[in-house]
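In our numbering, the protein residues as written are 59 to 232. Worksheet: the structure to be examined is printed underneath.
This is how it looks when you write it as structure tokens:
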């Protein structure tokens, strides 16, 4: 192998290109990217119980089940858009009245690329993962996928300024 070929190979290994990222997006499964079990409440749970579970586990959503099947998803966005500002008793209100019913769900072995596409096209921040019987096995979040994919980039790439070609004009200030 010539010196130029060795240099090119070393640079390719050090700076993965789009083909490596594309390969990861297609080959990696959601089970590789999801690191937490889902937070689950029953359809009879109150809104207060659902919010408390989200706070305790520091999650952006809970999955709502009827029996052991996925019935809905209740997210922080639901709290803001469907509940905030209303004069309701959170301990009496049922989460099933404010959740998204029959949400789009994916099998856990779906590709990362497919999940990202669904999330972007549909505007989702969370997608439940279910088994063949419709029982929840996990939740994938946009944040989790971004963090997972960021591991495939070099740290110095992630620390570049927003516009690498722009020079700082004023160095004063915080």
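Every residue gets a Cβ at the ideal spot worked out from N, C-alpha and C, and that includes glycine.
Item                                                                                                  : Value
Close beta carbons around residue 176, own chain, < 6 Å, minus the five adjacent residues each side   : none
Beta strand (DSSP E) segments (min. 3 residues) lying fully within the stretch 130-204                : 184-188, 194-199
Contacting residues, own chain, Cβ-Cβ under 7 Å from residue 99 (five flanking each side not counted) : 107, 108, 111, 120, 122, 153
Cβ-Cβ separation, residue 188 to residue 91 (assumed contact under 8 Å), whole Å                      : The Cβ separation is near 16 Å, so there is no contact.
Proximity winner among 178, 155, 201, relative to residue 129 (alpha-carbon distances)                : 155
For residue 99, three-class secondary structure by DSSP                                               : strand
Endpoints, the beta strand (DSSP E) within which residue 123 is located                               : 119-124
Pair within 8 Å by beta-carbon distance, residue 194 and residue 161                                  : no
Test item: CB-CB of residue 157 and residue 136 under 8 Å                                             : yes
Local Cβ density within 10 Å of residue 102, reported as buried at 16 or more and exposed below that  : exposed
Local conformation of residue 93 per DSSP, three classes                                              : coil
Beta-bridge pairing of residue 128 - partner residues as DSSP gives them                              : 123
Exposure of residue 198, with buried meaning 16 or more beta-carbon neighbours within 10 Å            : buried
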